[in-house]
Structures are given as structure tokens and as C-alpha cells.
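In my numbering, the protein residues as written are -1 to 156.
Working notes for the structure below.
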């Protein structure tokens, strides 16, 4: 599987892969990170499940370089912030993510900006629950005025 991903990264302008290995394939994740971790962002969702114990294990083993943060997966805002702090401290990027079956609550947009995550995953602008989050990002940008900065590719691990 690592050869498959590495071949695609060579052939196409891929900047990020999410869940490139199975959730409990620590050896596969380690190999993938060794091969691709300096080239692209490797996002752990199922392997970390926004859990600081699993994230600490991943950091210690040297797997992935990014974590998908799902607030309602871990349970509390405090635990979410702990996971983001741990990831940032280890040099990992964080992506604030929605969950399937979301409501129109736009808090994750505020969380992404407040934590400086630089990345949010909320899907295409095709449903009101998703548009609400994008609209909140636009309101935040408007409120910040000239101090708002779009990170562009700098938001990704390079």
C-alpha cells in the first residue's frame, strides 16, 4: 500500500492523504510516514480518533504528521483542545472536522480559527449545515479585517 501511495505522490500533485493505512496498522503507518512524511501531510483520523492516548502513541512511534480533530468524537472541548495542543507540540498539523449528520452549528469554524489550525474539513458547499460553517469563516474574516490571513499551501505540511 505504501508503494501505491508513493507512486501516486510522484505522479500527481497530492499534498495530503487521510487514513492511508488501517486504523490499527501501526507498522504500515510507520512505513508510510518514513517514506512520505517529509513530502506530504499524512492525516490520522481513525488511528487517533481525537484521543490523546492514541495520539501520544502515534507521536512516540513516529506515525502520521497530522490529526483530524472531531470535537464530538472525543466528547469535550477540553479534551479537543488537549489533542490540538499535543499535536501542535509534536509538530503535527491539525484539521478541524465536521462529522456526518452535522447540524447547522458553526462552532467548528470558530474552533479552527481560534486554535490556528489553518485547515477545516466540512465538505462541499452543498448542504445548509456545511454552508453555515463556511459563512461563519467569512464572518470571522470580515471581523478580523486586514489582520485576517489566508494560509494557502502554508497550512499543509511541506
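Built from N, CA and C at the ideal position, the CB exists for glycine as well.
Among 138, 97 and 141, which has the Cα closest to the Cα of residue 192?
Nothing can be reported for residue 192: it is not among the residues displayed for the chain, which extend from -1 to 156.
Option in 42, 35, 13 and 33 with minimal Cα separation from residue 22
Checking every option, the nearest Cα to that of residue 22 belongs to 42.
Which residues in the same chain have their Cβ closer than 7 Å to the Cβ of residue 72, if we skip the five residues on either side of it in sequence?
Cβ-Cβ distances below 7 Å link residue 72 to 48, 49, 78 and 81 in the same chain, with the five nearest sequence neighbours on each side left out; the list follows chain order.
Beta-carbon within less than 6 Å of residue 107's beta-carbon, same chain only, minus the 5 sequence neighbours each way: which residues are those?
Around residue 107: 131, 134 and 135.
Cβ separation of residue 63 and residue 31, assumed to be a contact under 8 Å, to the nearest whole Å:
A Cβ-Cβ separation of about 7 Å places residue 63 in contact with residue 31 under the 8 Å criterion.
Sort 38, 102, 100 and 46 by Cα distance to residue 84 and report the nearest one.
For the set 38, 102, 100 and 46, the Cα lying nearest the Cα of residue 84 is the one of 46.
Would you kindly work out how many angstroms separate the C-alpha atoms of residue 113 and residue 15, rounded to a whole number?
Rounded to the nearest angstrom, the two C-alpha atoms are 22 Å apart.
With DSSP run on the structure shown, which of helix, strand or coil describes residue 117?
In the structure shown, the three-state DSSP call for residue 117 is coil.
Residues of its chain near residue 129, where Cβ-Cβ distance is below 7 Å and the 5 sequence neighbours each way are ignored:
Same-chain partners within the cutoff: 123.
Distance between residue 147 and residue 28 (C-alpha atoms, nearest Å)
Spanning the two alpha carbons is a distance of roughly 34 Å.
What residue range is occupied by the uninterrupted alpha helix (DSSP H) comprising residue 91?
In this chain, residue 91 is not harboured by any alpha helix (DSSP H); it is covered by the beta strand (DSSP E) spanning 91 to 95.
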